[in-house]
Amino acid sequence: MATGKFETRLIHGGDSEPAAGAGVAPGIELSTTYVRADPRDTQEFTYGRSDNPNRRTLERRLASIENAFDAAAFASGSAAAMALFQTLPAGSHIIVTRDAYYGVIMLLNDLVIKMGHEVTPVDTSLPANVENCWQKNTRLVWLETPSNPQMRIADVAAIAQLTHRNGAVLCCDNTMATIVLQDPLALGADFTMHSSTKFIGGHSDITGGVIIAREDSEQFQRLREIQALAGSTPSPFDCWLLLRSLATLGLRVQQ
Numbered sequence: 512m513a514t515g516k517f518e519t520r521l522i523h524g525g526d527s528e529p530a531a532g533a534g535v536a537p538g539i540e541l542s543t544t545y546v547r548a549d550p551r552d553t554q555e556f557t558y559g560r561s562d563n564p565n566r567r568t569l570e571r572r573l574a575s576i577e578n579a580f581d582a583a584a585f586a587s588g589s590a591a592a593m594a595l596f597q598t599l600p601a602g603s604h605i606i607v608t609r610d611a612y613y614g615v616i617m618l619l620n621d622l623v624i625k626m627g628h629e630v631t632p633v634d635t636s637l638p639a640n641v642e643n644c645w646q647k648n649t650r651l652v653w654l655e656t657p658s659n660p661q662m663r664i665a666d667v668a669a670i671a672q673l674t675h676r677n678g679a680v681l682c683c684d685n686t687m688a689t690i691v692l693q694d695p696l697a698l699g700a701d702f703t704m705h706s707s708t709k710f711i712g713g714h715s716d717i718t719g720g721v722i723i724a725r726e727d728s729e730q731f732q733r734l735r736e737i738q739a740l741a742g743s744t745p746s747p748f749d750c751w752l753l754l755r756s757l758a759t760l761g762l763r764v765q766q
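According to our numbering, numbering within the sequence shown proceeds without interruption in unit steps and concludes at 766.
This is the structure:
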C-alpha cells in the first residue's frame, strides 16, 4: 500500500530505502541482459524486453500514486490498450465510449474486431446506455472520461457497479483528467489507462502508455505476459524521462 502524501508519492512513491552513498536520482540502466549466478535461477531481471530497472521503478511509482496493486508500462497508449484487449477470451463483447480517442477506435475497428471480438460504441455519459447494450458475452467496458476531444463526462462509480454486477471488467482511460483530478480506481474501476505521451510526460518528447491495476488478477498477470512476449515496452531512457516528469505532474495540471 502506498504511503506518504500524494505530492510525495509523485517524487518517491514505490522507492525502496536507498543505501548510504546511493544516488538520489535514478541512473539509466541500458543493459539488455543480466548476469546469472546459475542459469536455472529465477531473478527479477533477465532480459530487457521482459523487464528493466527503470521500467520497474516507473511502474512502482505509478502504482503508488494511484494506490494500486501494480502497473504495466508500454511504448504508447495504443500499445497499452491493445495489450488489455488481447487479454480477453475469444468472442468477447467490448463496450466502448463512442467518442473515445480515435486511436483506440481505430484499434478496435481495424484489429480487435478481426480477432473475433464484438465492439459496441455507446454514449457513456448515461449509465443506462451502457446497460441497454449489454450482451451475455460482454467482458470489458472501455470508459473514457473526460473523452478526447469532446470532453464528455461519465459516472465512473455507477458504470463500475453495473459492470461488476454483470461479471465484467471496467477500464477507465484517465488520460485527460489524470490522477490529479480524478481517481477511477477509488470509484470502482478495475484498471486505469493513461497515454503517458500527454500530461504524464508533459513536454511533447515522450511516447508511452500504462495500464494500472487496482488489484491482482489473472487478467493482469496475462497482461504482464503479453507485455513481455510482444515487447511493446518503453525504453529505459523514456522511463527515466517519465519519472522526471511525474515529479511536477501535480503542479503542471493544477496551474
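Yeah, the Cβ is synthetic: ideal placement off N, Cα and C, and Gly gets one too. It should be emphasised that the depicted structure is a prediction, and the values quoted were computed from it without experimental measurement.
With respect to the 7 Å criterion, E577 and I717 are not classified as neighbours on the basis of their beta carbons. Within the region 675-716, the complete beta strand (DSSP E) segments of 3 residues or longer fall at 680-684 and 702-706, listed in chain order.
Straight across, the Cα-Cα distance linking P657 with M687 is about 6 Å. As DSSP reads the structure, I606 sits in a beta bridge with T631 and V652. Ranking G678, R609, D694 and D562 by CA distance to the CA of V667 puts D694 first. If you draw a 10 Å sphere on the C-beta of N643, you find fewer than 16 other C-beta atoms in it, and that means exposed. Apart from sequence neighbours up to five positions away, the residues of its chain that approach E518 with a beta-carbon distance below 7 Å are G761, ordered along the chain. At a Cβ-Cβ threshold of 7 Å, N648 and S603 count as neighbours. With a cutoff of 7 Å on beta-carbon distance, G720 and A574 are scored as not near each other.
The Cβ atoms of T557 and Y545 sit closer than 7 Å to each other. If you look at F585, you'll find it in the beta strand (DSSP E) that goes D581 to F585. Leaving aside the five residues that flank A739 on each side, the residues in its chain whose CB is nearer than 8 Å to its CB run, in chain order, R560, S561 and D562.
Going by beta carbons, I722 and L595 fall inside the 7 Å limit.
Taking a 10 Å sphere around the C-beta of V652, we find 16 or more other C-beta atoms and assign the residue as buried. Boundaries of the alpha helix (DSSP H) harbouring V615: Y613 to L618, taken from the DSSP string. Just measuring C-alpha positions, the residue of S542, D526 and L734 sitting nearest V535 is D526. Remark: C-beta atoms of A758 and I539 do not approach each other more closely than 7 Å.
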